[in-house]
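This report refers to the structure that appears directly beneath it.
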Amino acid sequence: MLDYLILILLLILISLIIFNKIIFPKKDNDFENIFKKQEASLLSLNNDIQAFKEPMVRLRNFLSGSSSVGAFGEWNLKSILDDAFSKDQYVENAEIIPESGKYVEFAIKLQDGLLMPIDAKFPSGLYDNYLQASESMNKGSIDESKKEIEKFIKNEAKAINSKYILEGVTTDHAVLYIPSESLFQLIMSLNIKEIIFKDYRILVLGPNTLAAYAISIQMGFRTLALNERTSEVIKEFGLFKKEFEKFSNSTLELRKKASAMLKVIDEHETREKQMKRSVERMEKSSEDKK
0 MLDYLILILL LILISLIIFN KIIFPKKDND FENIFKKQEA SLLSLNNDIQ
50 AFKEPMVRLR NFLSGSSSVG AFGEWNLKSI LDDAFSKDQY VENAEIIPES
100 GKYVEFAIKL QDGLLMPIDA KFPSGLYDNY LQASESMNKG SIDESKKEIE
150 KFIKNEAKAI NSKYILEGVT TDHAVLYIPS ESLFQLIMSL NIKEIIFKDY
200 RILVLGPNTL AAYAISIQMG FRTLALNERT SEVIKEFGLF KKEFEKFSNS
250 TLELRKKASA MLKVIDEHET REKQMKRSVE RMEKSSEDKK
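As structure tokens, this is what we get:
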């Protein structure tokens, strides 16, 4: 695309130089010098663009290999999980079905003890075909490349379902991660997300949606921890309440005993007064006899 643009600019520049020589043959060389400078600037720009394209081509060639793409997707997926979870909250290269020799890239440990498998897929070759078709604006090629991407996603979803979902070990669904936001948006435009989840129980997520999903799971962990802590507090409060009720009952018993003791003291005091009055009357009577 950039090559075509540079070629057009050079053609325009050459046309202007020829036009200048024809229309202004007796003028000085000012215009010609200006055009030569502009031509030199365009050539310099072309060289810079070519230098920029070289590493991009290398990157594209690197990602065209399946092992390189797999490593890129796995690294991208791991970085998102590391941002949301601690190391003990997910498993790397987990063998879901024992002795199957099939390992899912990552599996998140959920609160109920189940694992949620996540596998990254990046069909860089198919996506590159789509980009080239889009640049050439060939509708037939664009539609064909979309069909190939749709077929790839459905096949991978079916494979993940058969290899990494196991009742009692994993959740009833898994995640197919697309490590490219632009490719993910293209897949969403195909309107196959609901069909894939219905048929294969696979969630198709991109970088942004996976990050949001991971955060929601982490919030679930924190909510569960808070609920467990709340349960412990309620349990401790229940024990304290029982002890308080026992203390309250013992205080009531103590009050009853104290009241009974005061009653006995009052009775003794009354009898003491009565006895004192009797003694005083006897002493007075004895004095009167004298």
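Counting from 0, one number per residue, gives the positions in the sequence shown under numbering that gives the first Met the number 0.
From the three backbone atoms N, C-alpha and C, an ideal C-beta is built for every residue, glycine too.
Small disclaimer: the values here were computed from a predicted structure and weren't measured.
*asked:* Measuring alpha carbon to alpha carbon, tell me which residue in K157, R200, Y212 and I148 is nearest S188.
replied: Position 189 of the sequence shown, counted from the first residue, corresponds to residue 188. Among K157, R200, Y212 and I148, the Cα nearest to that of S188 belongs to I148.
*Considering only the beta carbon of each residue, do Q217 and A83 sit closer than 8 Å?*
The residue given as residue 217 occupies position 218 in the sequence shown. The residue given as residue 83 occupies position 84 in the sequence shown. Cβ distance < 8 Å, so Q217 and A83 count as in contact.
*Is F121 helix, strand or coil by DSSP?*
Translated into positions along the sequence shown, residue 121 becomes position 122. DSSP places F121 in coil when its eight states are reduced to three.
_Taking the beta carbon of A296 as the centre, do at least 16 other beta carbons fall within 10 Å, making it buried, or is it exposed?_
This structure cannot settle anything about residue 296, because the visible part of the chain is limited to 0 through 289.
_For I177, count the other beta carbons within 10 Å of its own beta carbon; 16 or more makes it buried, fewer makes it exposed. Which is it?_
Counting from 1 along the sequence shown, the entry for residue 177 is found at position 178. I177 is buried by the Cβ-count criterion.
*So which of E252, F196 and K153 has the shortest CA-CA distance to P122?*
Sequence index remark: in the sequence shown, residue 122 carries index 123 (1-based). Minimum Cα distance to P122 is reached at K153.
*Distance CB(K120)-CB(L114) smaller than 8 Å*: In the sequence shown, counting from the first residue as 1, residue 120 sits at position 121. In the sequence shown, counting from the first residue as 1, residue 114 sits at position 115. Remark: C-beta atoms of K120 and L114 do not approach each other more closely than 8 Å.
*If you drop the 5 nearest sequence neighbours on each side, which residues of the same chain put their C-beta closer than 8 Å to that of T169?*
Taking the first residue of the sequence shown as 1, we reach residue 169 at position 170. Cβ neighbours of T169 beyond the five flanking positions: I95, A106, L113, L114, M115, P116 and Y163.
*Per DSSP, what kind of secondary structure is N207 in: helix, strand or coil?*
Residue 207 sits at position 208 when you count from the first residue of the sequence shown. Helix.
*Taking DSSP as the reference, what is the three-state secondary structure of I187?*
For the purposes of this step, residue 187 is taken as residue 188 along the sequence shown, with counting starting at 1. Strictly speaking, residue 187 in this sequence is Met, with Ile absent from that position. Three-state DSSP puts M187 in a helix.
_Are the CB atoms of V174 and I186 within a distance shorter than 8 Å?_
As a working note, residue 186 is residue 187 in the sequence shown. As a working note, residue 174 is residue 175 in the sequence shown. No, these two residues do not count as a Cβ contact at 8 Å.
_Taking the alpha-carbon of I79 as reference, which of E271, T269, A213 and E266 has the nearest alpha-carbon?_
For the purposes of this step, residue 79 is taken as the residue at position 80 of the sequence shown. Among E271, T269, A213 and E266, the Cα nearest to that of I79 is on A213.
*In terms of residue numbering, what span does the beta strand (DSSP E) encompassing K145 cover?*
Stepping through the sequence shown from its first residue, residue 145 is reached at position 146. Looking at the DSSP string, K145 is not in any beta strand (DSSP E); the run it does join, the alpha helix (DSSP H), is K138 to Y163.
*Do Y102 and N160 come within 8 Å of each other at the CB atom, strictly closer than that value?*
Residue mapping note: residue 160 aligns to position 161 of the sequence shown, counting from 1. Residue mapping note: residue 102 aligns to position 103 of the sequence shown, counting from 1. Against a cut-off of 8 Å, the Cβ pair of Y102 and N160 comes out as no contact.
*Which term fits I264, buried or exposed, when burial requires 16 or more other beta carbons within 10 angstroms of its beta carbon?*
Looking up residue 264 in the sequence shown gives position 265. I264 is exposed by the Cβ-count criterion.
*Between the Cα of I194 and the Cα atoms of E279, K157, N207 and E166, which residue gives the shortest distance?*
Taking the sequence shown and counting its residues from 1, one reaches residue 194 at position 195. The residue with the shortest Cα to Cα distance from I194 is K157.
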